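See structure below.
Numbering (my numbering), first residue to last: 2 to 1122.
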């Protein structure tokens, strides 16, 4: 607890608190007209550094660039590997775990230790890893790095301790799963094939033990060679040489025949009685041509041959289509008896796996589903129904259905908003799914005690908006809104759409949502804003449109140099409400011949439309083309339901709209906002340059929006559009966003002289807007509605508003805007404004309680707006005496006292980087300032003293996608888009980190392994006995010896100690601890054995040298020495 006391004398400048060490700063708005009485601020700051810890919580979405798939048929959990080294493990809804290999190498293959709570991963850096899944946070127990050979295929028989590893050289090694040590038993490729064979068989592409006899290992080589190796006799039972390359092999459960898929699109069935030629060869998709030859087909990459007790066997494979059918989608083919079903997929197939009832490979398989892993989706097909429907996926795998362009995160929402959104969204769900339960139902998950309503909103490139229920570390889609329905589809012959060249004209740039009033606002990339109101009833409505002219005029352009422009502005005009369209036009505009003027980028539907329940469009605002130039993108937005106002700005100026009266009340350039308080002297220079390049590139497409290459993070306000290196100069010319050096120089100049001249950066963008109850002038005694405006030059302007309070007057009388009040300055672009009372509590913005405008009116009850206001102080006695304003920019944070506008505290956040996102958030019944920097640091500062509480170097490299989607919320949570398809949630709260284990799901649950079926006496006698095979006798050190140390290197994992700390309590936890202790004891014994061997070798060497010395000196006399 730390108490800050400060006596304010009402002077224009004040000390910044002493402890911060920053120079004094003051208001640039002049001296106060009345000196306020001294006031003692007493703020109890309860947050300390021990309240903060940064850690990842959960990852949602589809694994980006998947590579591998595995399934545990007993535990019923699914694992997906990715190219970046990530592993997602999925069970029942709520059981969703993400693991990451430290090396970042791609995952080649996954193998579950069935019903053992462990997973083996094989990575592209030729390393095997053993993951312990008996803890909520899986960790690596062992790793084995192959030094001289590359891993191509792995196979782990059920209930076996030995993993078969095939390599690129064609050799097969055995690895002990418990100790992760290589056996001396090796099947060399030259022993597996005949000596007379002149060519190398190729890498190992398949390994499997025979269902008939576990002592027989089937090895498939890429070149077309198949060998059944007798592990006991150490020789080949048979060898098959086929002309076509092999991609996969699948056994019949009786072990008498197997099926292979080949590169020519054929399937071959082999019988062990006669291996000289295939028993059957089929081309499932190859038709016979007129000349009698077969069509050439694509390779069949994988085949699975599964038997069923009550029907014909299933043959399921991917690929194999004929080459002449260009443009066909990737397919999964299901052959069941004589019926052939081809399932077309939306994306290429990465891997598929047939789910069966039994884990034993020598029993009737009884397949019931197929898991198909696509490049951008995961689907499960129901095999028990003849039409093969898909299961409804309970995981949020469609976040990237259209690329995500923006995110918003709201914690501790009103409890009624989630059920309402879900009930509306449930009416639009797809149908036709399988009626059976989702087959991946492993693990356990319970609702934790630290839960509260959370909502995540994602905006997408196609203009769609998705609301997600993010409570309790889960993610479920509630409601989807399509903003493109507001506009007419651009026609191919429309010259306006063609000239725009916009690939995604409806892409969402930013969103603003008030959960209490349910007002929702969307900003699009085509310089448009859509205001939505929520209703539980459908309605017939005609969309109201406002068109705003907020653009530079040719005669107003001031050009300081050849490459940069000064802003021009549209003067505030007189406006009158119109039924559907309104233009806020500045005087003096002119239109050259052939140049576009006063038209929006998109055309709003002008017909009466019937809208369903949910969010219904109430108002559309569009910026207009001016003099052949498209409008600049909107850079800031704020909406307040209590005031009925909406404010937005871009690099040209600011506009304020009264959405209740559907009028524009303010449309002004940034320069005009200052009035006489402009801290900068704008220099007029040469005439403006040609506007062709600006017009050509202003409304560019989003083709490069989602890639991570050739991007750089802007050091000023974040524009939605991303450019490649050769386009950055054009973007800088268009947006005129100042660089950090020039802003730093201009700030230094402004402090060194009373009036600074800006000769480089004069295109000043509106970067943040915030409505709230504040003091527009120092002389104000009571707070009034105000708009705080922050710009890219680090200037904060306060605009007072006069809003009628009576309901009837509010709908008829105009809202008036007063002259600019306070002007404050910070280093860098202003990012956020927040308000605190004198006790340090956060002051929320006033809002209107939600009312359904489409509900049937009660004649006995007059419908009025119900407004909720928050006083600047928790006690009524101090109401009206002032509040604290927190302003954060890219480089600096300041706390001002209102209404005196004195600067209480200053903190320079960063000098080498710049802040991307800043928010005042509530945590542990207090508030703090959370910042995310471009260098990857996440920081928190106390309020109001701005003491550093946490500074963690979280992300070593920040790309544009993370910078664009990172957002903080209350209760110590944040999120960002970790890949184009995944959302990563993190927490910076120590309390949540401590309770994280309780809130995550359990991957492993103790389940008895199903017993093997009784095979009967005759089958066991004539068919061989698979249970008498002891691999330990063959592969153990006593029989096979040790493998060469240079072949592979054992690396102990960090999961041993961590696993003991976080393992679940009870029998499972005790078993995990015992197993880890045994592993560590075995490791120590191994090290002791190595040291003992070294000592024995040293002793032998010493004895040998001593004996040689004795023989040399034996016959010498004493005087000969």
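For glycine and all other residues, C-beta sits at the position ideal for the given N, C-alpha and C. No experiment lies behind these values; they were computed from the predicted model shown.
Query raised in the report: What is the rounded straight-line gap between the Cα of residue 800 and the Cα of residue 776?
Result: As a working mapping, residue 800 is identified with position 799 in the chain shown. As a working mapping, residue 776 is identified with position 775 in the chain shown. Near 9 Å, if we compare the C-alpha coordinates of residue 776 and residue 800.
Requested in this report: Excluding the 5 residues preceding and the 5 following residue 298 in the sequence, name in chain order all residues of the same chain whose CB lies nearer than 8 Å to its CB.
Outcome: Translated into the one-based positions of the chain shown, residue 298 becomes position 297. Result list for residue 298: 265, 266, 267, 284, 286, 287, 321, 322, 323, 324, in chain order.
**Report entry** For residue 70 and residue 111, believed in contact at Cβ under 8 Å, the rounded distance
**Finding:** The residue labelled residue 111 in the question sits at position 110 within the chain shown. The residue labelled residue 70 in the question sits at position 69 within the chain shown. Between residue 70 and residue 111 the Cβ distance is about 7 Å, and since that is below 8 Å, they are a contact.
Query raised in the report: Nearest CA to the CA of residue 664: which residue from 437, 817, 478, 934?
Result: Walking along the chain shown from the start, residue 664 turns up at place 663. Comparing Cα positions, the closest option is 817.
**Report entry** residue 324 (DSSP reduced to helix, strand or coil)
**Finding:** In the chain shown, counting from the first residue as 1, residue 324 sits at position 323. Correct three-state label for residue 324: coil.
Query - Spatial neighbours of residue 106 in its chain, beta-carbon cut-off 8 Å, leaving aside the 5 residues before and after - result: Here residue 106 corresponds to residue number 105 of the chain shown, with the count starting at 1. Cβ neighbours of residue 106 beyond the five flanking positions: 86, 124, 125, 126, 128.
Query - Environment of residue 653 [buried if 16+ CB atoms lie within 10 Å] - result: As a first step, residue 653 must be located in the chain shown, where it is residue number 652. The residue in question, residue 653, is buried, as its Cβ has 16 or more Cβ neighbours within 10 Å.
Query raised in the report: Does DSSP put residue 559 in a helix, in a strand, or in coil?
Result: Numbered from 1 along the chain shown, position 558 holds the residue referred to as residue 559. Because the pLDDT at residue 559 is just 37, under 50, the model does not fix this residue reliably, and the value given afterwards should be weighed accordingly. If DSSP states are grouped into helix, strand and coil, residue 559 belongs with coil.
**Report entry** N- and C-terminal bounds of the alpha helix (DSSP H) containing residue 994
**Finding:** As a first step, residue 994 must be located in the chain shown, where it is residue number 993. Looking at the DSSP string, the run of the alpha helix (DSSP H) that includes residue 994 is 991-995.
Query raised in the report: What separation, rounded to the nearest whole angstrom, lies between the Cα atoms of residue 985 and residue 972?
Result: Within the chain shown, numbered from 1, the residue matching residue 985 stands at position 984. Within the chain shown, numbered from 1, the residue matching residue 972 stands at position 971. Cα-Cα distance, rounded: 16 Å.
Query raised in the report: Excluding five sequence neighbours on each side, which residues of the same chain lie with their C-beta closer than 7 Å to the C-beta of residue 957?
Result: Residue 957 sits at position 956 when you count from the first residue of the chain shown. 937, listed in sequence order.
Query raised in the report: Any idea what DSSP makes of residue 652, helix, strand or coil?
Result: The count along the chain shown starts at 1 and reaches residue 652 at position 651. Looking at residue 652 - three-state DSSP - the assignment turns out to be coil, as it is neither helix nor strand.
Report task. Work out the CA separation of residue 933 and residue 945 for me, nearest whole Å. Result -> Along the chain shown, one-based indexing puts residue 945 at 944. Along the chain shown, one-based indexing puts residue 933 at 932. Going from the Cα of residue 945 to the Cα of residue 933 covers about 19 Å.
Query - Contiguous beta strand (DSSP E) assignments of at least 3 residues, all confined to the segment 781-849 - result: 785-792, 796-803, 824-826, 831-837
Query raised in the report: What are the boundary residues of the beta strand (DSSP E) that includes residue 636?
Result: In the chain shown, counting from the first residue as 1, residue 636 sits at position 635. Neither: residue 636 is in no beta strand (DSSP E) and is coded neither H nor E.
Report task. Mind reading off the beta-carbon distance from residue 509 to residue 466? Whole number of angstroms is fine, and I expect it under 8 Å. Result -> As a working note, residue 509 is residue 508 in the chain shown. As a working note, residue 466 is residue 465 in the chain shown. Correct: roughly 6 Å between the Cβ atoms.
Query raised in the report: Which of helix, strand or coil does DSSP assign to residue 190?
Result: In the chain shown, counting from the first residue as 1, residue 190 sits at position 189. Residue state, collapsed to three classes: helix.
Query raised in the report: When the Cα of residue 355 is compared with those of 335, 769, 964, which residue comes out closest?
Result: Locating residue 355 in the chain shown gives position 354, where the first residue counts as 1. For residue 355, the nearest C-alpha among the options comes from 335.
Query raised in the report: Can you round the beta-carbon distance between residue 546 and residue 605 to whole angstroms, since I take them to be within the 8 Å contact cut?
Result: The residue labelled residue 546 in the question sits at position 545 within the chain shown. The residue labelled residue 605 in the question sits at position 604 within the chain shown. Correct: roughly 5 Å between the Cβ atoms.
Query raised in the report: Near residue 911, which residues of its chain fall below 7 Å by C-beta distance, leaving aside the five closest residues on each side in sequence?
Result: For the purposes of this step, residue 911 is identified with residue 910 of the chain shown, where counting begins at 1. Cβ neighbours of residue 911 beyond the five flanking positions: 892, 934.
Requested in this report: Identify the continuous beta strand (DSSP E) that holds residue 616 and give its terminal residues.
Outcome: If you number the chain shown from 1, residue 616 lands on position 615. Looking at the DSSP string, the run of the beta strand (DSSP E) that includes residue 616 is 615-624.
**Report entry** Residues near residue 280 by beta carbon distance below 7 Å, same chain, minus five either side
**Finding:** Here residue 280 refers to the residue found at position 279 of the chain shown. Same-chain partners within the cutoff: 258, 270, 271, 272.
Query - Check whether residue 923 and residue 48 have beta carbons under 7 Å apart - result: For the purposes of this step, residue 923 is taken as residue 922 along the chain shown, with counting starting at 1. For the purposes of this step, residue 48 is taken as residue 47 along the chain shown, with counting starting at 1. The answer is no: Cβ separation not under 7 Å.
**Report entry** Residue interval of the alpha helix (DSSP H) (run including residue 963)
**Finding:** Position 962 of the chain shown, counting from 1, holds the residue named residue 963. Start and end: 961-966.
Requested in this report: Tell me, to the nearest whole angstrom, how far the beta carbon of residue 53 is from that of residue 977; I am working on the premise that it is less than 8 Å.
Outcome: Sequence index remark: in the chain shown, residue 53 carries index 52 (1-based). Sequence index remark: in the chain shown, residue 977 carries index 976 (1-based). At roughly 18 Å, the Cβ-Cβ gap does not stay under 8 Å, so residue 53 and residue 977 are not in contact.
Query raised in the report: Count the other CB atoms within 10 Å of the CB of residue 844; is the residue buried (16 or more) or exposed (fewer)?
Result: Along the chain shown, read from residue 1 onward, the residue named residue 844 stands at position 843. Buried, because 16 or more other Cβ atoms sit within 10 Å of the Cβ of residue 844.
Requested in this report: Taking only the alpha-carbon atoms, compute the straight-line gap between residue 167 and residue 515 and give it to the nearest angstrom.
Outcome: Taking the first residue of the chain shown as 1, we reach residue 167 at position 166. Taking the first residue of the chain shown as 1, we reach residue 515 at position 514. Cα to Cα, residue 167 sits roughly 58 Å from residue 515.
Report task. Return the chain-ordered list of same chain residues with a C-beta closer than 8 Å to the C-beta of residue 914, the five sequence neighbours on each side being excluded. Result -> Against the chain shown, residue 914 aligns to sequence position 913. Result list for residue 914: 934, 935, 936, 938, in chain order.
Query raised in the report: Three or more beta-carbon pairs under 8 Å between the segment 153-167 and the segment 176-190, yes or no?
Result: yes
Query raised in the report: Residues bridged to residue 469 by DSSP?
Result: Along the chain shown, one-based indexing puts residue 469 at 468. Answer is 457, 478, bridged to residue 469.
Query raised in the report: Start and end of the alpha helix (DSSP H) containing residue 770?
Result: As a first step, residue 770 must be located in the chain shown, where it is residue number 769. Segment 767-775 is the beta strand (DSSP E) holding residue 770; no alpha helix (DSSP H) there.
Query raised in the report: Any idea what DSSP makes of residue 136, helix, strand or coil?
Result: If you number the chain shown from 1, residue 136 lands on position 135. In this structure, residue 136 counts as strand in the three-state DSSP scheme.
Query raised in the report: Roughly how many angstroms lie between the CA atoms of residue 452 and residue 473, to the nearest whole one?
Result: Translated into positions along the chain shown, residue 452 becomes position 451. Translated into positions along the chain shown, residue 473 becomes position 472. Straight-line Cα distance between these residues: approximately 5 Å.
Report task. Please classify residue 174: does DSSP put it in a helix, a strand, or coil? Result -> Against the chain shown, residue 174 aligns to sequence position 173. Correct three-state label for residue 174: strand.
Report task. Assign residue 487 to one of three DSSP states: helix, strand, or coil. Result -> Position 486 of the chain shown, counted from the start, is the residue given in the question as residue 487. In this structure, residue 487 counts as helix in the three-state DSSP scheme.
Query raised in the report: When DSSP labels each residue in this structure, what does residue 883 get in the three-state scheme?
Result: For the purposes of this step, residue 883 is taken as the residue at position 882 of the chain shown. DSSP places residue 883 in coil when its eight states are reduced to three.
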